[in-house]
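Scroll down for the structure; my scribbles are underneath it.
Residue numbers (the working numbering): 4 to 203.
Printed below as a string of structure tokens:
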């Protein structure tokens with residue numbers, strides 16, 4: 004049953020119905036009200052770090068969304084003496100899932116699907132167990148379907164710029180929407196920043 008559910012979820016995701024799952028964690032001792040500015044860590048990267056124009060565009064989109072959402076919370080980008088340093092790391096894993104489905108092909112009389120039938124007696128709306136009916140016959144065929152997909156993971160870490168200690172982290176994970184990855188990424192980032200600063 005788990006295999007069938009997984010296949011259904013993958014199929015829906017590939018059809019553009021998926022959202023990235025977001026989880027966060029934070030330092031309970033950090034005083035988040037003191038953090039008013041941020042800058043990017045140079046070590047941040049997506050994928051293997053090799054030159055890739057499409058991935059570079061995705062990075063710029065990621066930074067744009069984070070800057071916009073943090074600004075709305077009163078945290079501005081500042082290259083000189085920022086309060087927070089933001090790092091991110093992302094990768095994807097290509098996977099495939101195979102499922103065998105059974106198809107039954109029926110033939111015979113139309114009443115093969117009749118589970119109940121009236122008697123000649125005046126029973127109103129009551130039904131009685133059906134009389135034997137000719138259900139014809141059927142054959143079974145099996146088909147194996149392979150679904151290929153990519154599982155993506157993005158980790159965003161906020162560091163205290165002075166102590167270099169991590170104060171907040173978000174993990175975004177899910178099946179990547181190949182039809183509209185930028186939109187999927189944006190929604191995931193918006194959902195993540197909604198949880199910053201953490202509620203006590």
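Ideal Cβ placement from N, Cα and C applies to all residues, glycine included.
Nothing here was measured: the structure is a model prediction, and the numbers come from that model.
query: Counting pairs of beta carbons, one from the segment 39-49 and one from the segment 83-96, are three or more of them closer than 8 Å?
result: Yes, since at least three Cβ pairs between the segment 39-49 and the segment 83-96 fall closer than 8 Å, the two stretches touch.
request  = Using the Cα positions of residue 73 and residue 28, report the straight-line distance between them to the nearest angstrom.
outcome  = In the chain shown, counting from the first residue as 1, residue 73 sits at position 70. In the chain shown, counting from the first residue as 1, residue 28 sits at position 25. Those two C-alpha atoms are separated by around 17 Å.
Quiz prompt | Rounded C-alpha distance that separates residue 83 from residue 193 | solution = Along the chain shown, read from residue 1 onward, the residue named residue 83 stands at position 80. Along the chain shown, read from residue 1 onward, the residue named residue 193 stands at position 190. When rounded, the distance between both Cα atoms is 26 Å.
Could you tell me the boundaries of the beta strand (DSSP E) in which residue 176 lies? Here the question's residue 176 lines up with position 173 in the chain shown. Element bounds for residue 176: 169-178.
- How many angstroms separate the CA atom of residue 60 from the CA atom of residue 175? As a working mapping, residue 60 is identified with position 57 in the chain shown. As a working mapping, residue 175 is identified with position 172 in the chain shown. The alpha-carbon atoms of residue 60 and residue 175 are separated by roughly 19 Å.
Note to self: Using only the alpha-carbon positions, how far apart do residue 162 and residue 99 sit?
What the structure shows: Within the chain shown, residue 162 is the residue found at index 159, counting from 1. Within the chain shown, residue 99 is the residue found at index 96, counting from 1. Their Cα atoms are separated by approximately 36 Å.
Practice problem: Could you tell me the distance, in whole angstroms, from the CA atom of residue 200 to the CA atom of residue 32? | Solution: By one-based count along the chain shown, residue 200 stands at place 197. By one-based count along the chain shown, residue 32 stands at place 29. Taking the straight line joining both Cα atoms gives about 13 Å.
Can the beta-carbon of residue 177 be found less than 8 Å from the beta-carbon of residue 21? Residue mapping note: residue 177 aligns to position 174 of the chain shown, counting from 1. Residue mapping note: residue 21 aligns to position 18 of the chain shown, counting from 1. Taking 8 Å as the Cβ cut-off, residue 177 and residue 21 qualify as a contacting pair.
* In the DSSP assignment, find the alpha helix (DSSP H) that holds residue 78 and state where it starts and stops. => Locating residue 78 in the chain shown gives position 75, where the first residue counts as 1. Taken as a continuous stretch (DSSP letters only), residue 78 belongs to no alpha helix (DSSP H), as it is neither H nor E.
message = Less than 8 Å between the C-beta atoms of residue 80 and residue 42, yes or no?
response = For this step, residue 80 is matched to residue 77 along the chain shown. For this step, residue 42 is matched to residue 39 along the chain shown. Yes, these two residues count as a Cβ contact at 8 Å.
Item to complete: Measure the C-alpha to C-alpha separation of residue 179 and residue 54 and round it to an integer number of angstroms.
Response: For the purposes of this step, residue 179 is identified with residue 176 of the chain shown, where counting begins at 1. For the purposes of this step, residue 54 is identified with residue 51 of the chain shown, where counting begins at 1. Cα-Cα distance, rounded: 21 Å.
TODO: Give every residue of the same chain whose Cβ lies closer than 6 Å to the Cβ of residue 187, excluding the five residues on either side of it in the sequence, and list them in chain order.
DONE: By 1-based counting over the chain shown, the position of residue 187 is 184. Excluding positions up to five away in sequence, the list reads 180.
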